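Numbering follows UniProt numbering, with no gaps: position 263 of the sequence shown is 263.
Just so you know, even glycine gets a beta-carbon here, dropped at the ideal spot from N, CA and C.
From a predicted model like this one, the values you see are computed outputs, not experimental measurements.
Below you'll find the structure, written out as structure tokens, and then a few comments.
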Amino acid sequence: MGIDWGVGRYEATGELLAPVSEVVVGLVGPLAGRPVLDLGCGTGNAALAAAARGAVVTGVDPAGRLLEVARGRAAAQGLDAEFVVGDAAGIPVKDQSVELVMSVFGVIFSPDPAAAVAEMVRVVAPDGRIVVTDWLPGGPLTVVNGTAAKFMGEVFGGGDGPAQPRDAADKPKSLAWHDPEALHAAFAPYGFTVEVLRKSLVFDNASAEEYLAHSAQHPMAVSADAALSQRPDAAELRAELKSRLLAAAQSVNEDPEGYRITAHYTVATARRA
Ligand SMILES: C[S@@+](CC[C@H](N)C(=O)[O-])C[C@H]1O[C@@H](n2cnc3c(N)ncnc32)[C@H](O)[C@@H]1O
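Following this line, the structure appears as structure tokens:
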């Protein structure tokens, strides 16, 4: 089941992920005057980073509330960027009209990756680039988010429950956006080559509890909590989930004096061969 990214407060996570957008924009070279698309822009991290470098930016996202936040941030920073509601499977942008398509942990949530690839290829200019980030599976985020997914599966029986973190490897039409071979298979039919870099993002908090309080505002956590609230034993279920999440979060802590986890992600760049 799809998730409504407008619920909860994705802003809290968006702040933590902003350094990734800076990395992506830093990798792509001069942007002044160039048309750029931030696909799955959320609260506008990559869009605003590109606009700050003079790009002519369009941000696209299905979540209208997040686009409002992005517009507010652009205004507060005195940056010019257009934000439009849309989906990766039908990008509201003309053919070959952008020199750079960026998607920072955005298109990876598309339920139809084949359509998303076709659309990104359609909108990018002949000598343009498509840059997509994805989390590498198996790291601390997988441990913590996977704990929530498993719990929801137990409570609601079978599958992932009502609102779950992505587990692309299990879905029939999925694309492993971090995997060079899978990306090659997806893009090669369009005459594109793909290069994949690995990067890391550190999350620092005073404690595991503080980290979890932050992630509790994430749309997936808020949707899961709303589903649990429908159950007569909601209080017990919430307490059990909280305790399992704390154990999982503590199991991946790298800092005995506080709380630190290091998440690894990929930056894939596709361009016409
Ligand atoms: C983890 S957030 C990343 C947001 C932003 N790029 C950032 O770095 O903070 C995922 C974003 O992907 C968007 N998204 C989910 N499904 C999508 C789809 N099918 N097409 C485009 N964007 C989608 C969500 O609305 C959300 O804003």
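For E240, tell me which candidate among E209, P35, R260, A148 has the shortest Cα-Cα distance. For the purposes of this step, residue 240 is identified with residue 240 of the sequence shown, where counting begins at 1. Among E209, P35, R260, A148, the Cα nearest to that of E240 is on A148.
Straight-line Cα distance separating N145 from E200: Counting from one through the sequence shown, the residue named residue 200 turns up at place 200. Counting from one through the sequence shown, the residue named residue 145 turns up at place 145. Reading the sequence as shown, one finds Ser at residue 200 and not Glu. In a straight line, the C-alpha of S200 is about 18 angstroms away from that of N145.
Restricting to runs no shorter than 3 residues, where is the beta strand (DSSP E) found entirely within the region 18 to 78? When DSSP assignments are scanned along the region 18 to 78, the uninterrupted stretches of beta strand (DSSP E) that are 3 or more residues long and fall wholly within it turn out to be 35 to 39, 56 to 61.
Report the CB separation of D95 from R122 in whole angstroms; it is logged as a contact under 8 angstroms. Here residue 95 corresponds to residue number 95 of the sequence shown, with the count starting at 1. Here residue 122 corresponds to residue number 122 of the sequence shown, with the count starting at 1. That pair is a contact at about 6 angstroms.
Neighbourhood of E254 by C-beta distance below 8 angstroms, restricted to the same chain and skipping five residues each side: Stepping through the sequence shown from its first residue, residue 254 is reached at position 254. For E254, where only same-chain residues beyond five positions count, the Cβ hits under 8 angstroms are R260, I261, T262.
For the candidate residues G33, K150, E99, whose alpha-carbon lies nearest to that of T269? For this step, residue 269 is matched to residue 269 along the sequence shown. The candidate whose alpha carbon is nearest that of T269 is E99.
May I ask which residues mark the beginning and end of the alpha helix (DSSP H) holding G146? Position 146 of the sequence shown, counted from the first residue, corresponds to residue 146. Its alpha helix (DSSP H) spans residues 140 to 156.
Flag this pair as yes or no: are the beta carbons of V107 and A186 separated by less than 9 angstroms? Stepping through the sequence shown from its first residue, residue 107 is reached at position 107. Stepping through the sequence shown from its first residue, residue 186 is reached at position 186. No. Outside cutoff.
Beta-carbon separation (whole angstroms), A47 vs A75, contact threshold 8 angstroms: For the purposes of this step, residue 47 is identified with residue 47 of the sequence shown, where counting begins at 1. For the purposes of this step, residue 75 is identified with residue 75 of the sequence shown, where counting begins at 1. A47 to A75, Cβ: 13 angstroms. No contact.
Cβ neighbours of G90 in the same chain (closer than 8 angstroms, five flanking residues each side left out): Locating residue 90 in the sequence shown gives position 90, counting from the first residue. Taken in chain order, the residues that qualify are A115, E119.
Per DSSP, which residues does K199 bridge with? Please list them. In the sequence shown, the residue the question calls residue 199 occupies position 199. DSSP lists Y265 as partners of K199.
Provide the residue span of the beta strand (DSSP E) that contains A81, from first to last. Along the sequence shown, one-based indexing puts residue 81 at 81. Taken as a continuous stretch (DSSP letters only), the beta strand (DSSP E) holding A81 covers 81 to 85.
Member of G42, V56, A49 whose CA lies at the smallest distance from the CA of E68: Within the sequence shown, the letter at position 68 stands for residue 68. Per the Cα distances, G42.
Does the beta-carbon of W177, which I'm using as the reference point, lie nearer than 8 angstroms to any heavy atom of ligand 1? Numbered from 1 along the sequence shown, position 177 holds the residue referred to as residue 177. False, no ligand heavy atom lies under 8 angstroms from that Cβ.
Excluding five sequence neighbours on each side, which residues of the same chain lie with their C-beta closer than 8 angstroms to the C-beta of P19? Counting from 1 along the sequence shown, the entry for residue 19 is found at position 19. Cβ neighbours of P19 beyond the five flanking positions: L201.
Let me know the secondary structure DSSP gives A176 once reduced to three states. By 1-based counting over the sequence shown, the position of residue 176 is 176. Coil.
P62 at chain B interface by Cβ criterion, 9 angstroms: You won't find chain B in this structure, because it holds only one protein chain.
What is the DSSP secondary structure of G14, reduced to helix, strand or coil? Position 14 of the sequence shown, counted from the first residue, corresponds to residue 14. In this structure, G14 counts as helix in the three-state DSSP scheme.
Please look up how many angstroms separate the CB atoms of L246 and A208, rounded, as I've assumed it's under 8 angstroms. Walking along the sequence shown from the start, residue 246 turns up at place 246. Walking along the sequence shown from the start, residue 208 turns up at place 208. With a Cβ gap of about 6 angstroms, L246 and A208 count as contacting.
Alpha-carbon to alpha-carbon, D112 and K171: For the purposes of this step, residue 171 is taken as residue 171 along the sequence shown, with counting starting at 1. For the purposes of this step, residue 112 is taken as residue 112 along the sequence shown, with counting starting at 1. Residue confidence is low: K171 scores 45 on pLDDT, short of 50, so the model does not pin down where it sits. No coordinate-derived value is stated.
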